Amino acid sequence: MALTTPLDVDAIRADFPLLSRTVHDTPIVYLDSAATSQKPTAVLDAMDAYYRTVNANVHRGVYFIAEQATNDLEAAREKVRRFINASSVSEVIFTKNATESLNLIVQSWGRANLAAGDVVVLSHMEHHANIVPWHMLVAERGIELRWIPLTPDGRLDLSDLDALLDGAKVLSVTAMSNVLGTLNPVRQLTDAARAAGAISIIDGCQSVPHTATDVQALGADFVAFSGHKLCGPTGVGVLWGREELLTAMPPFIGGGEMIRDVRLDGFTCNDLPWKFEAGTPAIAEIIGLGAAVDYLTGIGMDAIRAHEHMLTEYTLRTLADRFGPDIAIHGPSDPDLRGGVFSFAFKDLHPHDISQILDQHAVCVRAGHHCAKPLMKLMGVGATARASVYLYNTTADIDALADALESAGAFFAF
Amino acid sequence: MALTTPLDVDAIRADFPLLSRTVHDTPIVYLDSAATSQKPTAVLDAMDAYYRTVNANVHRGVYFIAEQATNDLEAAREKVRRFINASSVSEVIFTKNATESLNLIVQSWGRANLAAGDVVVLSHMEHHANIVPWHMLVAERGIELRWIPLTPDGRLDLSDLDALLDGAKVLSVTAMSNVLGTLNPVRQLTDAARAAGAISIIDGCQSVPHTATDVQALGADFVAFSGHKLCGPTGVGVLWGREELLTAMPPFIGGGEMIRDVRLDGFTCNDLPWKFEAGTPAIAEIIGLGAAVDYLTGIGMDAIRAHEHMLTEYTLRTLADRFGPDIAIHGPSDPDLRGGVFSFAFKDLHPHDISQILDQHAVCVRAGHHCAKPLMKLMGVGATARASVYLYNTTADIDALADALESAGAFFAF
Amino acid sequence: MPGLEDLYREIILDHYRNPRNRGELDSPPAHRVEGFNPLCGDEIVVYLDLDDERRITDIRIGGQGCSISQSSASMMSAAVKGHTVEEVGDLTRAFKAMMSIHESSLGGEAAEPVELPDVKLGDLEALRGVVKFPVRIKCATLAWNTLAQGIDEALA
Amino acid sequence: MPGLEDLYREIILDHYRNPRNRGELDSPPAHRVEGFNPLCGDEIVVYLDLDDERRITDIRIGGQGCSISQSSASMMSAAVKGHTVEEVGDLTRAFKAMMSIHESSLGGEAAEPVELPDVKLGDLEALRGVVKFPVRIKCATLAWNTLAQGIDEALA
Ligand SMILES: Cc1ncc(COP(=O)(O)O)c(C=O)c1O
Ligand SMILES: Cc1ncc(COP(=O)(O)O)c(C=O)c1O
């Protein structure tokens, strides 16, 4: 059966300079986009042009390039607003990464609203970024954490959701697992949270880069994601929040930009979104992120999802065909229920050894706990090998992965 | 009297692409480096090369480019360590900007060590980044703030320092004022703090880019600064701290990278410096910062200080010669006591209007409160106009400033 | 490229040199409200007397700021004195509409065509050139935002 | 370019396939200590029996990890059993010195020439190739760091 894609992947690959490099004299096969994506020339050029012709500090200068820098930064905010369909730019807060976005919620909203005994519901498939900040609040405040369990095929087990949410103040879950690839039923979750009187927080790190996102349709109160996983630069993340909640929240980091007035005896906060953007922002990176969402929008998020759906089907089938019982791919087997992230166990090889041997074939996959140690424990493993795809990957990349796995199997055969 | 510089400024200017642009058909005269510096090609190329040939997430990948990204990032840490003469890379923590560095100290060390009634000593010339985080702790904890007053010429008035420090837990001051240009006697301050049993925090934003820094010789416990003011990119700052203090401090932001283990019921922290670097770091920006300190080291920090000393002398003399009593330059008049930051009042023109008219002559100066509203209040003004220089500025830039001021005076003459 | 003459019209400079209604009113009975421009440090204080018919019977302006914020406050004080809060509301909307093309695009939002209230702006028209200098828009609107807040508070 | 044969020497694969001293000891009396590699999730458990003469009379290894960390732990267990903690200290320093060129440059510090204790590394020499794969150095040193911690704790 032939699989088709709506993307002109050859043209797309030409936009990503790194994809034309070699490793050990072999063209690189980059299958680690769940960790970080490659960057198109359009993004690199936007940042370079900024530094070469505009660079000035923002929001305070009257002179021409300072005004232009401010306009460019705020234009990028508007691009991100449109990309996630936020109702206002006041709701789009730039952070340094999704981890900071999540910590901002916990430390600002959480400290202001949660007391000893209050319940926060997480899931067993969360990334450390959506666990450790809550652990810190447990230590500080004595809140209680509850955990949504998983089904054997790596989906959220929602059979007791209402009981878990009973009396809860917060539900915080990932839209897509960075280990299992599972796409969670976000709307169902946020509806259940609202019905229970809890706010809901969505970790969009793995979903926003790969599927069209409408924060209003998601029904959540907060959504966090990182720029570097969606073709943008490092050093910039996003927190979207409902204006009403953001307005009521105390500040997180204090300093310049976030104030209206400062006196010896106190200060007053600036308006949203700047209230949460203390200090000189990541100006070039925010502009780069704006270029990234323009790039992705130009290609079309639905087309990207369709392409990755095709690759998911191809990957699951190819690996099963070639390795049968020697490979076990974690997570749901239905491509409709998952994104293009494939954690697998292969023979009795340790993930570190798999990745090492794949590297000799220029195939880049991640090996480790993927910042999801509680999930690893639940799965009964210390680590997995993980391949993940994005708009620039092809079925040939998957074939290269399979070929490299075959030699890994041979190398360690004993 | 001729003034000399040890720098080949023509060659240096050629390294900074933005300096060759025009504004309103006039070559730009950039005099706002205290807000952010321009970037040399070496820095832009380092980041671009990273994205085009290395880009991968760090600290977790076995494959070749992930290993290289990790090496490049940690090599940049070593460059910064050497630049400030820290005793170990464990003491060099990357943040998003100096504002985050200062908040990290307040929220981690401060929350762990300060209780109601504890005294923190600041000065009247602090930037909001070194005021607002403390105000937040006042509101949360009931600590008490004391303020070192200023002399009429804008230096710290240290006549009552011992009384101010009596019983204090913290002294937190800037090494150089971003408004007055004043270079503070850091060693004297840290010695006094230590004698009083207080830790000392130095805001190095304005000093680290312009003078050789040896954190061990400063005698401080923490030093904070930003990359973007020292020829580096936006999106990266540094916190240096003494290892003993950093080791004892609780984490600030929780998530990936900063953990050793995470379980459903808690977590343990990673070693320094990663304990304070949760989430995907600003990889490209850190590498860019490494290239920036290489660039500055190549030119020589002492030579840069000598060049700026010469420009300071030239600026003070030129503006006084040309405008006499029509101009008042705030801060010390001895170039040995100050850096190249010149806030001034000119006739009865408002700083905003000065900056606007200077912009028509392509002269970029800042107008506003410079994130130092308590200082503005002390000075009895709402705002100042501020010109500031760096290694790439020349006496011709100062002449252009003076010419443009002359037309501003003429325009508003009435 | 917009020139200085677009920004600094003669009438603006006149209001800057000779600000109208500068000073204070006893408060109470007058309502006093402060406004800040967080970006540049400009501060304005508006003193308002409202009569029972919701008419601004007197107004005074204090504070400090640049030529644009000072002249805008001065012109505003002259334009609103003796008018009802409804009339002032229309004038405020008309003025902000004149400014809004850039104010909103600064904030990044799509520039929607705005239906102007049928109001004569008079001298205030002189500030139209400010939209070409987006950073200065907040200087021009500071007085108006502060007045609106003061009216809200006085009527609350 | 370093090849796989530099990393995966035959003797390493042998220890990986047939780990020595795998298992547990009753604790107490044995001392039990856990080590983590925070980067990859590898975990090791070392069980130690020390006699009154500070000699390691028995050792067992538990946990999970890659071929490098497992074989390093296995070789270590064979190398230290029957030796005093002083001898083990020398061996640890010698082993880490062999690894340290890259471990320290990973951390970014200058590579100082290290004075090796006069110790025969024997089979452990096979791990020398690991330094060409800096990420794997922490795999090779995990068991040793954990053992050192266990000895410290047992003697404390
Ligand atoms: C003295 C001083 N402290 C702190 C800061 C804050 O730096 P950043 O905005 O990069 O966080 C600045 C610069 O704006 C400064 O000049
Ligand atoms: C699901 C998920 N959440 C959070 C994060 C943290 O993102 P960052 O490291 O960019 O802060 C990641 C990526 O590492 C992720 O995959």
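Protein chains in written order, with my numbering: chain A, 32 to 445; chain B, 32 to 445; chain C, 1477 to 1632; chain D, 1477 to 1632.
Cβ coordinates follow ideal geometry from the N, Cα and C atoms, glycine included.
Every value quoted in this text rests on a predicted model; they were computed, and no experiment measured them.
| query | Under the criterion of a Cβ to heavy atom distance below 7 Å, does G286 (chain A) qualify as lining ligand 1? | reply | yes
| query | Does the beta carbon of I388 (chain A) come closer than 8 Å to any beta carbon on chain C? | reply | Closer than 8 Å: no.
| Run of the alpha helix (DSSP H) containing Q247 (chain B), from where it starts to where it stops | Q247 (chain B) -> alpha helix (DSSP H) spans V246 to L249.
| request: Please report how far the alpha carbon of S1580 (chain C) lies from the alpha carbon of E437 (chain B), in whole angstroms. | output: At S1580 (chain C) the pLDDT is 41, less than 50, meaning the model places this residue with poor confidence; the figure from the coordinates comes in the next sentence. So the two alpha carbons sit approximately 35 Å from each other.
| Every unbroken beta strand (DSSP E) within the stretch 351-406 of chain B, with a cutoff of 3 residues, ordered by chain | 358-360, 372-377 and 397-399
| message | Does D384 (chain A) pass the burial test, meaning 16 or more other C-beta atoms within 10 Å, or should it be called exposed? | response | buried
| request: Check whether the Cβ of K404 (chain B) lies closer than 8 Å to any Cβ atom in chain C. | output: yes
| said: Using 8 Å as the cut-off, can you tell me whether the stretch 95-113 of chain A makes contact with the stretch 78-94 of chain B, which would need three or more C-beta pairs spanning the two stretches below that distance? | reply: no
| In the DSSP assignment, what are the bridge partners of D234 (chain A)? | DSSP, once it has assigned bridges, lists A:T205 and A:A255 as partnering D234 (chain A).
| request: Please say whether D234 (chain B) and A129 (chain B) have beta carbons closer to each other than 8 Å? | output: yes
| said: Looking at ligand 1, does it come within less than 7 Å of G268 (chain B), judged from the CB to the closest heavy atom? | reply: yes
| task | Just the C-alpha distance for L211 (chain B) and P282 (chain A), rounded to the nearest angstrom, thanks. | result | 29 Å
| Taking 7 Å as the cut-off, is the CB of T311 (chain B) close to at least one heavy atom of ligand 2? | yes
| task | Have a look at H159 (chain A) and H401 (chain A) and give me their C-alpha separation to the nearest angstrom. | result | 9 Å
| message | Counting only Cβ-Cβ distances shorter than 7 Å, please list the residues of the stretch 162-196 of chain A near chain B, keeping chain order. | response | Listed by position, the residues of the stretch 162-196 of chain A near chain B (Cβ gap below 7 Å) are I162, V163, P164, H166, M167 and W178.
| request: Decide if P164 (chain A) is buried, meaning its Cβ has at least 16 other Cβ atoms within 10 Å, or exposed. | output: buried
| request: Please work out which residues of its chain come closer than 8 Å, Cβ to Cβ, to Y1484 (chain C), disregarding the five sequence neighbours upstream and downstream, and give them in chain order. | output: S1543
| task | For H90 (chain A), verify whether its CB is less than 7 Å away from any heavy atom of ligand 1. | result | Flag unset: Cβ of H90 (chain A) not near ligand 1.
| message | Less than 6 Å between C-beta atoms, sequence neighbours within five positions excluded: which residues of the same chain meet that for A435 (chain A)? | response | L389, H392 and V394
| Alpha-carbon to alpha-carbon, G1626 (chain D) and G1565 (chain D) | Their backbone Cα atoms lie some 12 Å apart in a straight line.
| request: Can you say whether T299 (chain A) is buried or exposed, counting buried as having 16 or more other CB atoms within 10 angstroms of its CB? | output: So T299 (chain A) counts as exposed.
| query | Does at least one heavy atom of ligand 2 sit under 7 Å from the Cβ of S257 (chain A)? | reply | yes
| query | When the cut-off is 8 Å and only beta carbons count, does P1514 (chain C) lie next to chain A? | reply | Taking Cβ atoms only, chain A reaches closer than 8 Å to P1514 (chain C), which makes this a yes.
| query | Distance, Cα to Cα, L276 (chain A) vs G321 (chain A)? | reply | Our two residues, L276 (chain A) and G321 (chain A), have alpha carbons roughly 25 Å apart in a direct line.
| message | Less than 7 Å separating the Cβ of D234 (chain A) from some heavy atom of ligand 2? | response | yes
| message | Within 8 Å, do at least three Cβ pairs link the stretch 36-49 of chain A to the stretch 423-435 of chain A? | response | yes
| task | Could you check the C-alpha separation between G413 (chain B) and Q1540 (chain C) for me, to the nearest Å? | result | 7 Å
| field | Where Y421 (chain B) sits in the DSSP three-state scheme | value | Residue state, collapsed to three classes: coil.
| query | Would you report the Cα separation of S1553 (chain C) and A1632 (chain C), rounded to the nearest angstrom? | reply | 22 Å
| request: State yes or no: is the beta carbon of G362 (chain B) nearer than 8 Å to at least one beta carbon in chain E? | output: The chain labelled as chain E is not found among the protein chains of the depicted structure, namely A, B, C and D.
| How far does the beta strand (DSSP E) with Q1540 (chain D) in it reach, from first residue to last? | I1532 to Q1540
| message | 8 Å is my cut-off, CB to CB: does S1550 (chain C) come that close to chain B? | response | Contacts with chain B at 8 Å (Cβ-Cβ) do not include S1550 (chain C).
| task | Could you tell me which of A:G258, A:I429, A:L187 and A:D103 sits nearest to A66 (chain A), measuring between CA atoms? | result | That would be A:G258, whose Cα lies nearest to the Cα of A66 (chain A).
| query | Just curious, the alpha helix (DSSP H) that R83 (chain B) is in, first and last residue? | reply | T72 to T84
| request: Flag V267 (chain A) as yes if its beta-carbon sits less than 8 Å from any beta-carbon of chain C, otherwise no. | output: no
| said: Check whether chain A comes within 8 Å of L1582 (chain C), counting only Cβ atoms and requiring the distance to be less than that. | reply: Reliability of the predicted coordinates at L1582 (chain C) is poor, the pLDDT of 41 falling under 50, and the value obtained from them is presented with this limitation in mind. Chain A contact via Cβ: present.
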